[in-house]
Amino acid sequence: MDRPGRLLLLSELCVRNVAYDVALSRFLLTWKRRVSSPMYRPFRPSLSHSVPVSEIISVREEDKESGSRRKDDSTWKKIKDGDGTDCRKSFTVSYVERCRQHRWRCAEVTFTCTEGALCQTWVSSIREQLASISSRPRSLLVYINPYGGKCQAKHIFEQKVAPLFAQAGISTHVIVTDYANHARDHLRTDAEINKFDGVVCVGGDGMFSEIIHGLVWRTQIDCGVDPNCPDETLSPCSLRIGIIPAGSTDCICFATVGTNDPITSALHIIVGQSQSPSTAAHH
């Protein structure tokens, strides 16, 4: 795990009405339960959590409507200002949670502040740190093979992947392929690849092969290299390729992330985690 780095923010915030010391550095978001006195359960370790900033998916400020829907019981003590209005402010951090068998999931924690200004400071500070991560994609070209596997690729993307991309602030241009090698041919001639940070294929190993062949060809043409000449030295492609498994075989995806779970793959793409082909081959 990354070293803590210089502290950017430190505040006492609440999680489910329990006080925590919450700290933000360039590398870590940490929240540690406060202990009211030395005599308070001395043999019970204080609860502490930490998340690498690189694995934060998003942060959002909660509006008053969502806050008013919280259960108002005796454990929730309202904080009011002089005119009696509720002045609590909350923000929610979504982050990667590692599960069994190499699977990743999206977890959330909501912090409550006593002041709106403090809440906005936290939200803007976390967003600044996320924006500074250059490896994260901002715009993706997505190809979906609707016929591969069990013909579930379009459904998988729309129901499981697209909401995560939107939550992370990633814009997508989606093309549903109509025939074999549609993605390859589009990449060769029509795709405006300079507008994107990466290409994502939703399908199986055949779809991945199409993307590879299309990008290799297009890169050579754009660099003035003849892709049909065996004596030419091929130019490397700077675009990264993401795979959302939705085919009958997903060997390449399993070899890179350890599972053929589409949510896990989507989260890897969001946080900008990548592997070289040689690394993937030995994974």
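Using this note's numbering, you'd call the opening residue of the sequence shown number 222 and step up by one each time. Every residue gets a Cβ at the ideal spot worked out from N, C-alpha and C, and that includes glycine.
Excluding five sequence neighbours on each side, which residues of the same chain lie with their C-beta closer than 8 Å to the C-beta of S346?
For the purposes of this step, residue 346 is taken as the residue at position 125 of the sequence shown. Excluding residues within five positions, the ones whose Cβ falls inside 8 Å are L229, L230 and L245.
Here's the rule I'm using: 16 or more other beta-carbon atoms within 10 Å means buried, otherwise exposed. How should I354 be labelled?
The residue you call residue 354 lines up with position 133 of the sequence shown. When all chains shown are included, I354 counts as exposed.
With a cut-off of 8 Å, do at least 3 Cβ pairs link the region 474-486 to the region 378-389?
yes
Collapsed DSSP secondary structure at Y241 in the structure displayed
Numbered from 1 along the sequence shown, position 20 holds the residue referred to as residue 241. Here Y241 sits in strand by DSSP.
Below 8 Å CB to CB, which residues in the same chain sit around L385 once its five sequence neighbours on both sides are set aside?
If you number the sequence shown from 1, residue 385 lands on position 164. Same-chain partners within the cutoff: I278, C327, I484, A487, L488 and I491.
Which residues in the same chain have their Cβ closer than 6 Å to the Cβ of Q388, if we skip the five residues on either side of it in sequence?
As a first step, residue 388 must be located in the sequence shown, where it is residue number 167. Correct list, in chain order: S279.
First through last residue of the beta strand (DSSP E) which encompasses V420
Here residue 420 is taken as the residue at index 199 of the sequence shown, counted from 1. Where V420 is concerned, the enclosing beta strand (DSSP E) stretches over G419 to G424.
Chain-order list of residues whose beta-carbon lies under 8 Å from that of R227 (same chain, five-residue window excluded):
Indexing the sequence shown from 1 puts residue 227 at position 6. Closer than 8 Å at Cβ, skipping near neighbours: S246 and R247.
What number of angstroms, rounded off, separates the C-alpha of E329 from the C-alpha of S430?
For the purposes of this step, residue 329 is taken as the residue at position 108 of the sequence shown. For the purposes of this step, residue 430 is taken as the residue at position 209 of the sequence shown. Whole-angstrom Cα-Cα distance: 36 Å.
Once the 5 residues before and after V272 are set aside, which same chain residues still bring their CB inside 6 Å of it?
If you number the sequence shown from 1, residue 272 lands on position 51. Contacts found: L250 and Y316.
Look at the Cβ atom of L455, then the Cβ atom of I432, and state whether they are nearer than 8 Å.
Residue numbering aside, residue 455 sits at position 234 when the sequence shown is read from its first letter. Residue numbering aside, residue 432 sits at position 211 when the sequence shown is read from its first letter. Their beta carbons are not under 8 Å apart, which means L455 does not touch I432 by this criterion.
Sequence-distant residues of its chain with Cβ nearer than 7 Å to C474 (five each side left out)
As a first step, residue 474 must be located in the sequence shown, where it is residue number 253. I464, P466, N481 and S486, listed in sequence order.
Are the beta-carbon atoms of S232 and V239 separated by less than 8 Å?
Translated into the one-based positions of the sequence shown, residue 232 becomes position 11. Translated into the one-based positions of the sequence shown, residue 239 becomes position 18. Result no, Cβ atoms of S232 and V239 do not sit closer than 8 Å.
Check G427 in the structure and name its three-state DSSP category.
Position 206 of the sequence shown, counting from 1, holds the residue named residue 427. Here G427 sits in helix by DSSP.
P358 classed as buried or exposed, judged by whether at least 16 other C-beta atoms fall within 10 angstroms:
The residue labelled residue 358 in the question sits at position 137 within the sequence shown. Buried is the call here.
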